[in-house]
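Keeping their order, the protein sequence lines are chains S, G, U and X.
The working numbering applies: residue 105 is where the first sequence begins, and numbers increase by one.
The working numbering applies: residue 105 is where the second sequence begins, and numbers increase by one.
The working numbering applies: residue 105 is where the third sequence begins, and numbers increase by one.
The working numbering applies: residue 105 is where the fourth sequence begins, and numbers increase by one.
I have placed the structure first, in the form of structure tokens, so that the comments after it can refer back to it.
Protein chains: 4
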Amino acid sequence: MSKINENKKQKEQTLYNTAFKLFTTKGVQNTAINDIVREAGIAKGTFYLYFKDKYDILDKLIIRKTSILIKEAVEKTQLKTFENSIDQLLEIINYIVEYLSGNKLLLKMIYKNLSWGIYRKLLYDPDPAYHNHSLFQNFLQIIEQENLPIENPEITLFLILELTGSVCYSSIILQEPAPIEIMKPHLFDAIRKLLKGANLQEQ
Amino acid sequence: MSKINENKKQKEQTLYNTAFKLFTTKGVQNTAINDIVREAGIAKGTFYLYFKDKYDILDKLIIRKTSILIKEAVEKTQLKTFENSIDQLLEIINYIVEYLSGNKLLLKMIYKNLSWGIYRKLLYDPDPAYHNHSLFQNFLQIIEQENLPIENPEITLFLILELTGSVCYSSIILQEPAPIEIMKPHLFDAIRKLLKGANLQEQ
Amino acid sequence: MSKINENKKQKEQTLYNTAFKLFTTKGVQNTAINDIVREAGIAKGTFYLYFKDKYDILDKLIIRKTSILIKEAVEKTQLKTFENSIDQLLEIINYIVEYLSGNKLLLKMIYKNLSWGIYRKLLYDPDPAYHNHSLFQNFLQIIEQENLPIENPEITLFLILELTGSVCYSSIILQEPAPIEIMKPHLFDAIRKLLKGANLQEQ
Amino acid sequence: MSKINENKKQKEQTLYNTAFKLFTTKGVQNTAINDIVREAGIAKGTFYLYFKDKYDILDKLIIRKTSILIKEAVEKTQLKTFENSIDQLLEIINYIVEYLSGNKLLLKMIYKNLSWGIYRKLLYDPDPAYHNHSLFQNFLQIIEQENLPIENPEITLFLILELTGSVCYSSIILQEPAPIEIMKPHLFDAIRKLLKGANLQEQ
DNA sequence: GATGAATGAGTCTTCATTCAT
DNA sequence: GATGAATGAAGACTCATTCAT
Chain S
105 MSKINENKKQ KEQTLYNTAF KLFTTKGVQN TAINDIVREA GIAKGTFYLY FKDKYDILDK
165 LIIRKTSILI KEAVEKTQLK TFENSIDQLL EIINYIVEYL SGNKLLLKMI YKNLSWGIYR
225 KLLYDPDPAY HNHSLFQNFL QIIEQENLPI ENPEITLFLI LELTGSVCYS SIILQEPAPI
285 EIMKPHLFDA IRKLLKGANL QEQ
Chain G
105 MSKINENKKQ KEQTLYNTAF KLFTTKGVQN TAINDIVREA GIAKGTFYLY FKDKYDILDK
165 LIIRKTSILI KEAVEKTQLK TFENSIDQLL EIINYIVEYL SGNKLLLKMI YKNLSWGIYR
225 KLLYDPDPAY HNHSLFQNFL QIIEQENLPI ENPEITLFLI LELTGSVCYS SIILQEPAPI
285 EIMKPHLFDA IRKLLKGANL QEQ
Chain U
105 MSKINENKKQ KEQTLYNTAF KLFTTKGVQN TAINDIVREA GIAKGTFYLY FKDKYDILDK
165 LIIRKTSILI KEAVEKTQLK TFENSIDQLL EIINYIVEYL SGNKLLLKMI YKNLSWGIYR
225 KLLYDPDPAY HNHSLFQNFL QIIEQENLPI ENPEITLFLI LELTGSVCYS SIILQEPAPI
285 EIMKPHLFDA IRKLLKGANL QEQ
Chain X
105 MSKINENKKQ KEQTLYNTAF KLFTTKGVQN TAINDIVREA GIAKGTFYLY FKDKYDILDK
165 LIIRKTSILI KEAVEKTQLK TFENSIDQLL EIINYIVEYL SGNKLLLKMI YKNLSWGIYR
225 KLLYDPDPAY HNHSLFQNFL QIIEQENLPI ENPEITLFLI LELTGSVCYS SIILQEPAPI
285 EIMKPHLFDA IRKLLKGANL QEQ
């Protein structure tokens, strides 16, 4: 019984690993379910026992990989001490940016196929399975500690993440308008500005 | 001779129109060249006389539509008078956002398929065929007139556009994290902050 | 399991038979994969399960048919007794020529599409799958038994076979420069001369 | 009038040249009429004013090229003196073999597409347009001068030419069973033997 | 005579999904 | 549960030929 379940888990994991390898090397578009099962050494019918179709395994793969990345980023950063909380947030973002710089293929796969549904789930979903609500929680703490005059934290975090994602994709993958090393200070500067608090009327 | 050329232009235009209609209603992925030519009442071979493949006509369509939109935005805005140049830039962006709000299908088609190569061409390419270098030129003027302490205008414009694009797509198409009407003030506020000038060292 | 395998063999064989029939009657050029599967009553996709493309099944067909022919020729001839070994070789060739005279379509298909790669495999490849290395072995025996002053058996056999092939094709298919019945004595006479041994310097 | 005719001739010649270039570099199969006219800078419709289809221009091209080659071979050889007529024939063949060695693409194009109809026309057709009946005439002279006991000159010449063609193609193009330099002495030796006269009964 | 735009039948190839074993 | 052979709809692309100008 347990052995059977282990076997199942093993098969599923093999499919995940193989799909990830093919998605990142050949591209999602050019990877057929056929390719995945052939490479994985698993029967084609078996694939359908675990996943609905190619995009099902892709979505789950993105959730897994991104989950792990954000968790890692938050954890690693909590070990260090910072002058202020904003620096801490920037360090989290920095960790993610650095990681993606070294894993272009992962970045490509994620960004090209990330749907907002998944995104939202990842960031705000309180389901502990995704371990990530911590990013938003972290952000709330930062605002409180720094006494930032931010009215709508969710939207501000959203703006920061959208900007970060766009810049990463453009500068890491396409080197446009400049490589990430050059873009990073500008990105961080922009984030700092966005954190300076809203003043919708006045300005 | 002139009649033939007219006929050619007509055929090409019919293909553009039909492709646009199908791309925006059925989606690019679900539109086959077969569908386009059937709907257009044109022979399949004729399609290949004008376009390399589906993505060729798609790219050209994006360039055309975006070109026109930006041109319109700049022109319409130049008719009004503004207290300051920043307001003028925001009005240009506002025009674009409003336009896309009313043309969700266009937004979807553009955003899902915009490659940076086209993007760059649209914004910076001095080729007058695209009429759009004016956006960047406009931006430079604004910086000068407002005496904004921006060191790297290209990067700042890039950040603003990436942010605007991301927010539009998310809020107009997915209503996430909120509808565009609610997001717009936040977006404009963010843009204002980004224009406040860089202070990379100090901060 | 066995039933499945039997079914597979059956499908493959049906494809071979149908392809052969169409290649020889309509010509290889004018036979589409469509035609083969329609005639065979098999799905198009199934064809690609067994063969890479039209030329893959053609090559395999040529190997099969030629293999069988040579094997038969050698076997049938071994039942008879001959005054000398040269007569035996001529009888093998005679068997092949006669067979091809009665199967013009096969001859046409083979000769028009025979690549030397296949040819070589058929004659010298020791892979018992092709059963035919016996032809070259036979030839070596003949040389030994008859004490023929042939320095380079491989080249001499090659010359004989090239000449035979050319003459067969011309005279059987095109009746040029004369029908095979008339050409055969001349061909055999030529082969006898070629076996008379090389004298490269002297002559 | 004369100028128009000249223009026509020029167009035709351009088509010949372009077709030859493409046939030999890309292969006949992979060359479309489209390719020829585009490369030649001539309208597609014009092609059909001169040729029925691709195979029409191909056949005519083969005749032209081969005609010239044989004519050259005979002429060049007539300038030299030989001990005997057989040496002279071998020299003609040698000239052709050498020429084809240096023009593999021509050899490929000719051999892969030579139909016996053309072949026959080239060798025996008394139409002086092809300049080549001389090869057969030459051969008859040789037989007479050397007093060769050849009963059927046409068939013997046919055998020699078929053998030569086959060997050239195999050894020059495919290097099988050996490069032409190695094969040539064997080929010439074989030809000498074939010229030794028939003795159908006796042997 | 020359042109070249238009045609559309024809061909290849892929691949998600099913289902009997 | 697992398998993998079979399916056939779907789609991309080519190209010889025609014919109005």
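Even glycine gets a Cβ: it sits at the ideal position worked out from N, Cα and C.
Drop a sphere of 10 angstroms on the beta-carbon of Pro289 of chain G, count the other beta-carbons inside from all chains shown, and report buried for 16 or more, exposed for fewer.
Walking along the second sequence from the start, residue 289 of chain G turns up at place 185. Classification for Pro289 of chain G: exposed.
So with CB distances below 7 Å, who are the chain U contacts of Phe262 of chain X?
Counting from 1 along the fourth sequence, the entry for residue 262 of chain X is found at position 158. Those are Pro281, listed as they occur along chain U.
Output yes if chain S places a C-beta closer than 8 Å to the C-beta of Leu226 of chain G; else output no.
The sequence position of residue 226 of chain G within the second sequence is 122, counting from 1. With 8 Å as the cut-off, Leu226 of chain G does not count as an interface residue toward chain S.
Give the secondary structure of Thr185 of chain S by DSSP, where H, G and I count as helix, E and B as strand, and everything else as coil.
Looking up residue 185 of chain S in the first sequence gives position 81. Three-state result, Thr185 of chain S: coil.
Measure the alpha-carbon distance for Thr268 of chain U versus Tyr203 of chain X and round it to whole angstroms.
In the third sequence, residue 268 of chain U corresponds to position 164, counting from 1. In the fourth sequence, residue 203 of chain X corresponds to position 99, counting from 1. Between Thr268 of chain U and Tyr203 of chain X, the alpha-carbon positions lie close to 25 Å from each other.
Can you look up Thr170 of chain U in the DSSP assignment and give me helix, strand or coil?
Counting from one through the third sequence, the residue named residue 170 of chain U turns up at place 66. Residue state, collapsed to three classes: helix.
Since Leu265 of chain G is in the alpha helix (DSSP H), which residue starts that stretch and which ends it?
One-based indexing of the second sequence puts residue 265 of chain G at position 161. Element bounds for Leu265 of chain G: Pro257 to Cys272.
To the nearest angstrom, how far is the alpha carbon of Leu218 of chain G from that of Asp163 of chain G?
Your numbering for residue 218 of chain G matches position 114 in the second sequence. Your numbering for residue 163 of chain G matches position 59 in the second sequence. Our two residues, Leu218 of chain G and Asp163 of chain G, have alpha carbons roughly 8 Å apart in a direct line.
According to DSSP, simplified to helix, strand and coil, what is Asn198 of chain U?
Counting from 1 along the third sequence, the entry for residue 198 of chain U is found at position 94. Asn198 of chain U: helix per DSSP, three-state reduction.
Residues of chain X with CB under 8 Å from Leu267 of chain U, in chain order?
Numbered from its first residue, the third sequence carries residue 267 of chain U at position 163. Neighbours of Leu267 of chain U on chain X, chain order: Leu263, Glu266, Leu267 and Ser270.
Taking Cβ to Cβ, would you say Arg224 of chain U is nearer than 8 Å to Glu285 of chain X?
Position 120 of the third sequence, counting from 1, holds the residue named residue 224 of chain U. Position 181 of the fourth sequence, counting from 1, holds the residue named residue 285 of chain X. It is not a contact, given that the beta carbons lie outside the stated cut-off.
Cβ-Cβ separation, Ile146 of chain G to Thr118 of chain G (assumed contact under 8 Å), whole Å:
As a first step, residue 118 of chain G must be located in the second sequence, where it is residue number 14. As a first step, residue 146 of chain G must be located in the second sequence, where it is residue number 42. Taking a contact as a CB-CB distance under 8 Å, the pair Thr118 of chain G and Ile146 of chain G counts as one, their CB atoms being some 7 Å apart.
At which residues does the alpha helix (DSSP H) containing Pro253 of chain S begin and terminate?
Position 149 of the first sequence, counted from the start, is the residue given in the question as residue 253 of chain S. Neither: Pro253 of chain S is in no alpha helix (DSSP H) and is coded neither H nor E.
Distance between beta carbons of Thr129 of chain G and Ile140 of chain G, contact taken as under 8 Å:
Within the second sequence, numbered from 1, the residue matching residue 140 of chain G stands at position 36. Within the second sequence, numbered from 1, the residue matching residue 129 of chain G stands at position 25. Between Ile140 of chain G and Thr129 of chain G the beta-carbon gap is near 12 Å, outside 8 Å, which marks them as no contact.
Rounded C-alpha distance that separates Asp336 of chain S from Leu209 of chain G:
Nothing in the structure corresponds to residue 336 of chain S, since chain S is present only between 105 and 307.
Taking all protein chains shown into account, do 16 or more other C-beta atoms lie within 10 angstroms of the C-beta of Lys297 of chain U, making it buried, or fewer, making it exposed?
Within the third sequence, residue 297 of chain U is the residue found at index 193, counting from 1. Buried: at least 16 other Cβ atoms inside 10 Å.
Between the C-alpha atoms of Thr185 of chain G and Leu193 of chain G, what's the straight-line distance to the nearest angstrom?
In the second sequence, the residue the question calls residue 185 of chain G occupies position 81. In the second sequence, the residue the question calls residue 193 of chain G occupies position 89. Between the alpha carbons of Thr185 of chain G and Leu193 of chain G lies a gap of roughly 12 Å.
How would you write the range of the alpha helix (DSSP H) that Val141 of chain S sits in, first residue to last?
Working through the first sequence from its first residue, we reach residue 141 of chain S at position 37. Its alpha helix (DSSP H) spans residues Ile137 to Ala144.
Taking 8 Å as the threshold (beta carbon to beta carbon), is Ala294 of chain S in contact with chain G?
Counting from 1 along the first sequence, the entry for residue 294 of chain S is found at position 190. Yes, Ala294 of chain S lies at the interface with chain G (some Cβ there is under 8 Å from its Cβ).
Return no unless some Cβ of chain X is closer than 8 Å to the Cβ of Gln307 of chain U.
As a working mapping, residue 307 of chain U is identified with position 203 in the third sequence. Below a pLDDT of 50, predicted positions are generally treated as unreliable, and Gln307 of chain U, at 37, falls in that range; no measurement from the model is reported.
Between the C-alpha atoms of Asn303 of chain G and Thr150 of chain G, what's the straight-line distance to the nearest angstrom?
The residue given as residue 303 of chain G occupies position 199 in the second sequence. The residue given as residue 150 of chain G occupies position 46 in the second sequence. Its pLDDT being 46, under 50, Asn303 of chain G is placed unreliably in this model, and the value from its coordinates should be taken loosely. When rounded, the distance between both Cα atoms is 56 Å.
Could you run through the segment 196-226 of chain G and flag, in chain order, every residue whose CB is less than 7 Å away from some CB of chain S?
Shown in chain order are the members of the segment 196-226 of chain G whose Cβ falls below 7 Å from a Cβ of chain S: Trp220 and Arg224.
Mark Leu153 of chain X as exposed unless 16 or more other C-beta atoms lie within 10 angstroms of its C-beta, in which case mark it buried.
As a first step, residue 153 of chain X is located in the fourth sequence; it is residue number 49 there, counting from the start. It counts as exposed.
Rounded to whole angstroms, what is the Cα-Cα separation between Leu265 of chain U and Asp157 of chain X?
For the purposes of this step, residue 265 of chain U is identified with residue 161 of the third sequence, where counting begins at 1. For the purposes of this step, residue 157 of chain X is identified with residue 53 of the fourth sequence, where counting begins at 1. If you take the alpha carbons of Leu265 of chain U and Asp157 of chain X, they lie about 35 Å apart.
Own chain residues within Cβ distance below 7 Å of Lys180 of chain X, not counting five before or after
As a first step, residue 180 of chain X must be located in the fourth sequence, where it is residue number 76. Non-local beta-carbon contacts of Lys180 of chain X in its own chain, meaning distances under 7 Å to residues more than five positions away in sequence, involve Tyr199 in chain order.
Quick one: what does DSSP say Leu218 of chain G is sitting in, helix, strand or coil?
What you label residue 218 of chain G is simply residue 114 of the second sequence in a count that begins at 1. Per DSSP, reduced to three states, the secondary structure at Leu218 of chain G is coil, with no helix or strand assignment.
Return the CA-CA distance between Asn251 of chain X and Pro257 of chain X, expressed in angstroms with no decimal places.
Here residue 251 of chain X refers to the residue found at position 147 when the fourth sequence is read from its first residue. Here residue 257 of chain X refers to the residue found at position 153 when the fourth sequence is read from its first residue. If I take the Cα positions, the gap works out to 12 Å.
Nonlocal neighbours in the same chain, by C-beta distance under 6 Å from Ser91 of chain S, ignoring five residues either side
Chain S is shown only over 105 to 307; residue 91 of chain S falls outside these bounds and no answer can be derived.
Classify His113 of chain X as helix, strand or coil using the three-state DSSP reduction.
As a working note, residue 113 of chain X is residue 9 in the fourth sequence. Per the sequence shown, residue 113 of chain X should be read as Lys rather than His. Here Lys113 of chain X sits in helix by DSSP.
With DSSP run on the structure shown, which of helix, strand or coil describes Phe151 of chain G?
For this step, residue 151 of chain G is matched to residue 47 along the second sequence. DSSP places Phe151 of chain G in helix when its eight states are reduced to three.
When you compare only the Cα positions, how much space is there between Ile295 of chain X and Asn111 of chain X?
Stepping through the fourth sequence from its first residue, residue 295 of chain X is reached at position 191. Stepping through the fourth sequence from its first residue, residue 111 of chain X is reached at position 7. Going by the C-alpha atoms only, they are around 46 Å apart.
What does a CB cutoff of less than 7 Å around Val72 of chain U pick up in its chain, not counting 5 residues either side in sequence?
There is simply no residue 72 of chain U to check, as chain U begins at 105 and stops at 307 in what is shown.
Look at the alpha carbon of Glu143 of chain U and the alpha carbon of Lys107 of chain U, and state the distance between them as a whole number of angstroms.
In the third sequence, residue 143 of chain U corresponds to position 39, counting from 1. In the third sequence, residue 107 of chain U corresponds to position 3, counting from 1. Glu143 of chain U and Lys107 of chain U: Cα-Cα distance of roughly 24 Å.
Can you tell me where the alpha helix (DSSP H) with Pro289 of chain X in it begins and where it stops?
Locating residue 289 of chain X in the fourth sequence gives position 185, where the first residue counts as 1. Per DSSP, Pro289 of chain X belongs to the alpha helix (DSSP H) from Ile284 to Leu299.
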